[in-house]
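In my numbering, the protein residues as written are 362 to 726.
We treat Cβ as the ideally placed atom computed from N, Cα and C, and that holds for glycine.
Quantities reported herein were computed from a predicted structural model and do not represent experimental measurements.
Report on one structure; see the data block that follows.
Right, here's the structure in full:
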């Protein structure tokens, strides 16, 4: 073997060994992934033939990663909730059912910090008898939430249902009668790199730069959902989502419950709207505009939280999201809770009580 080839081979080998050593060091000294420790139970979910999975009652776990550490407990009714809710009719109280995904579950946050708990506290200022059922589940989308509603509505008979919606629901939603999707192949090279400790650390550093984060986001397939008009695939997914929301509304009406959709943006939208950044054909409020018009035509409220979150970002408030993880941080949860409370009081004064018209004040800090 020529001398130059041997030197190149040795150099490559040493580089690989150094990278492996650095990755191993990060794994033990500064781990970049998620670590779950269970004080009770061995996993957060159990299989379900209809929903895929449901939270495992009795789970007590702590999840840690570089951006946060939080503990969650699952009640024996299967909710991240400290209250047990009496099934059946409840004429002497106000019951609100919250359904949604990990943003409604409160991933990344301690129980007292999540928007459902903060909303409940605000609501009880004017309705001490308010009973808020917190039924957010990690990994759910609109389709799964509609199926979950079919199960929860006859049991808990809420007065109002709030369905949490995120743009990623558009990406994954399928018709109610769709078969389970086929599994995909192996991980891409980029996914493999990001799976390494060094890749995760580098990704977290780069994503912490706001303009770069926006650019990286727009390099993903999610870009199509902010285009006007929607490309064919995005338009098809929007049609599926509209059918699911229509079904959710019909279900709530059949049980005498008011229905509203709470729209929580992804951080890309907050940064773009807050910074005033513009790209040809890209509109960060595209989803709220289109789906809000649909909701108005169908007769249920669509509550966007993007304006409040963008204003909070623009005013140089604290971090609203965990940048690498993507979930709301405590400050973001506070903003969302205040929007829900104000809209709830404005839209349902006869349910919330006469005091609702005067309930307000600045968002809790």
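- Item | First and last residue of the uninterrupted alpha helix (DSSP H) at residue 693 | 691 to 708
- Task: Using the Cα positions of residue 602 and residue 451, report the straight-line distance between them to the nearest angstrom.
- Result: 32 Å
- Query: Given a threshold of 16 other Cβ atoms within 10 Å of its Cβ, counted over all protein chains shown, does residue 477 qualify as buried or as exposed?
  - Reply: Counting of Cβ neighbours within 10 angstroms places residue 477 among the buried residues, the total reaching 16 or more.
- Query: Nearest to residue 534 by alpha carbon, out of 501, 680, 445 and 517?
  - Reply: 501
- Please specify which runs of the beta strand (DSSP E), each continuous and at least 3 residues long, are wholly inside the region 423 to 490, giving them in chain order. As summarised for the region 423 to 490, the continuous beta strand (DSSP E) elements at least 3 residues long and confined to that stretch are 429 to 434 and 455 to 461, given in chain order.
- Task: Can you tell me which of the three DSSP states residue 398 falls into?
- Result: Here residue 398 sits in strand by DSSP.
- Message: Residues in the same chain with beta-carbon distance under 6 Å from residue 552, minus the five sequence neighbours each way, listed in chain order, please.
- Response: Because the pLDDT at residue 552 is just 38, under 50, the model does not fix this residue reliably, and the point stays unresolved.
- Item | Residue closest to residue 692, alpha-carbon to alpha-carbon, out of 680, 592, 411 and 702 | 680
- Validate contact between the region 617 to 630 and the region 640 to 651 using beta carbons, cut 8 Å, 3 pairs: Counting Cβ pairs under 8 Å, three or more are found: they touch.
- Residue from 493, 396 and 511 whose Cα sits closest to the Cα of residue 425: 396
- Own chain residues within Cβ distance below 7 Å of residue 503, not counting five before or after: 526, 530, 534, 602, 605 and 606
- Task: Using three-state DSSP, classify residue 615 as helix, strand or coil.
- Result: helix
- Task: Would you mind working out which of 538, 581 and 522 sits nearest residue 619, comparing C-alpha positions?
- Result: 522
- Can you tell me the Cα-Cα spacing of residue 547 and residue 580, whole angstroms? Legend: pLDDT at residue 547 = 40, less than 50; position of this residue unreliable, value from coordinates given subsequently. Roughly 21 Å separates the two Cα atoms.
- Message: Could you check whether residue 524 and residue 460 sit closer than 7 Å to each other, using their CB atoms as the reference points?
- Response: yes
- Message: Taking the alpha-carbon of residue 470 as reference, which of 705, 689, 634 and 664 has the nearest alpha-carbon?
- Response: 689
- Query: Excluding the five sequence neighbours on either side, which residues of its own chain have a C-beta within less than 7 Å of the C-beta of residue 417, listed in chain order?
  - Reply: 402, 404, 405, 406, 407 and 435
- Message: Using the three-state DSSP reduction, which class does residue 597 fall into: helix, strand or coil?
- Response: helix
- Message: Once the 5 residues before and after residue 631 are set aside, which same chain residues still bring their CB inside 6 Å of it?
- Response: Residues 670, 671 and 674 of the same chain have their beta carbon placed closer than 6 Å to that of residue 631, with the five preceding and five following residues left out of the count.
- Message: Between the alpha carbons of residue 455 and residue 509, how many angstroms are there, rounded?
- Response: 21 Å
- Task: Let me know the secondary structure DSSP gives residue 686 once reduced to three states.
- Result: In the structure shown, residue 686 adopts coil according to DSSP, grouped into three states.
- Per-residue burial, residue 665 [other beta carbons within 10 Å of its own, 16 or more giving buried]: buried
- Task: Tell me, please, which residues DSSP counts as bridged to residue 664.
- Result: 623
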